[in-house]
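Peer 1:
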Amino acid sequence: MTTDLVFCRPDGTPWCAEQVLYRFTKMTDAAGIGRRWCPRELRHTFVSLMSDSGVHVEKITDLVGHRTTVVTEIVYRHQLRPLIENGAERMQELADVTSAPA
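Under our numbering, the first residue of the sequence shown is numbered 1, with each subsequent residue one higher.
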């Protein structure tokens, strides 16, 4: 059996939530980053990295599996902040160019 699951048994069948959390905790502990992490944080980290790399919110939305950008923008707004700031900086640059003497 082949699946698209990240956390699964060797044969591809899914673990229950408790098994995923147990194994995830063992991995983070073994990696030396502690036992207080949870899989949900991977999703937030992913969105942050994509956003910081300049990936558009529409593409991030597709990658995290949301139907529209609304959920992505609401749930991950603090991770998307660099994109908002970039937009403001670009608008300022455009304003500077258009208001410069010819």
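Heads up, the beta-carbon is just placed ideally off N, CA and C, and yes, glycines get one too.
By a C-beta neighbour count over all protein chains shown, 10 Å radius and 16 as the cutoff for buried, is V97 buried or exposed?
Peer 2: Classification of V97: exposed, given that the 10 Å Cβ count is below 16.
Peer 1: Within the continuous alpha helix (DSSP H) that includes H44, where are the two ends?
Peer 2: Start and end: 40 to 52.
Peer 1: Is S53 buried or exposed, if buried means 16 or more other CB atoms sit within 10 Å of its CB?
Peer 2: Exposed: under 16 other Cβ atoms inside 10 Å.
Peer 1: Would V57 and T45 qualify as a contact pair, given that the criterion is a beta-carbon distance under 7 Å?
Peer 2: Their beta carbons are not under 7 Å apart, which means V57 does not touch T45 by this criterion.
Peer 1: Among M27, R35, C38, T72, which has the Cα closest to the Cα of M50?
Peer 2: Comparing Cα-Cα distances from M50 to each of M27, R35, C38, T72, the minimum goes to T72.
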